[in-house]
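**Student:** Under my numbering, think of the first position of the sequence shown as 10, with each following residue one higher.
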Amino acid sequence: MFYGAMVWDPWLIVAQIVCLQCLYYLALGLSMALLVGTRVPRLTLLYFFDFATLTPRTPTGWCAIGSFLLAAVAGAGFMLYVIERAKKCLDFAATLYIIHLFIVLFTVVGQLQLHGGLSISLVWQSWLSLANTYAFGGN
10 MFYGAMVWDP
20 WLIVAQIVCL
30 QCLYYLALGL
40 SMALLVGTRV
50 PRLTLLYFFD
60 FATLTPRTPT
70 GWCAIGSFLL
80 AAVAGAGFML
90 YVIERAKKCL
100 DFAATLYIIH
110 LFIVLFTVVG
120 QLQLHGGLSI
130 SLVWQSWLSL
140 ANTYAFGGN
């Protein structure tokens with residue numbers, strides 16, 4: 010594709026978003042299986058979507074944090090091949106983590122009273138992952 014002649018193609022954008030989201034969760038699943046799966050008796054989606062598991066107080070929490078950082082670096086590599094334009098990397102990285110944020114909020118809506126409200130660690134983790142993905146994939 011020639012970069013000078015950009016054509017508005019919404020189906021391509023949606024396909025790139027879906028592809029990037031799937032590849033990100035694949036990378037997150039593999040890194041969770043390697044780092045967290047060896048430490049817990051049963052790896053569930055709780056480690057993917059519950060921000061309470063991302064705690065630096067336990068070794069398993071550090072492994073979960075490391076899994077998200079590894080997935081962010083892998084997401085940057087995926088962006089290089091799927092998006093192919095450094096200009097668009099921030100948009101696609103932000104879209105990736107906004108979708109992840111909505112999934113997390115949807116899964117923990119009933120738990121917000123339990124935790125006493127939305128934790129700052131969820132927002133911090135989202136911004137840190139977004140910055141890592143953009144820094145590695147955008148340049």
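Even glycine gets a Cβ: it sits at the ideal position worked out from N, Cα and C.
Computed from a prediction, not measured in an experiment: that's the story for all the values here.
With a threshold of 16 other CB atoms inside 10 Å of the CB of V113, please say whether the residue is buried or exposed.
**Tutor:** For the purposes of this step, residue 113 is taken as the residue at position 104 of the sequence shown. Under this definition V113 is a buried residue.
**Student:** In angstroms with no decimal places, state the Cα-to-Cα distance between Q122 and T62.
**Tutor:** Walking along the sequence shown from the start, residue 122 turns up at place 113. Walking along the sequence shown from the start, residue 62 turns up at place 53. Confidence is the limiting factor: at Q122 the pLDDT is only 44, short of 50, which leaves the residue's position unreliable, though a coordinate-based value still follows. Their backbone Cα atoms lie some 17 Å apart in a straight line.
**Student:** Between C72 and the rest of its own chain, which residues show a CB-CB distance below 7 Å, the 5 nearest in sequence each way excluded?
**Tutor:** As a working mapping, residue 72 is identified with position 63 in the sequence shown. Cβ neighbours of C72 beyond the five flanking positions: L44, V45, R48.
**Student:** Using a Cβ distance threshold of 8 Å, determine whether the region 53-69 contacts the region 25-32, with at least three qualifying pairs required.
**Tutor:** No, the region 53-69 is not in contact with the region 25-32.
**Student:** By the 10 Å Cβ neighbour count, where 16 or more other Cβ atoms means buried, how is A102 classified, buried or exposed?
**Tutor:** Here residue 102 corresponds to residue number 93 of the sequence shown, with the count starting at 1. Looking at its Cβ environment, which holds 16 or more other Cβ atoms inside 10 Å, A102 is buried.
**Student:** Where does F60 land, buried or exposed, given buried means 16+ other C-beta within 10 angstroms?
**Tutor:** Taking the first residue of the sequence shown as position 1, residue 60 is located at position 51. So F60 counts as buried.
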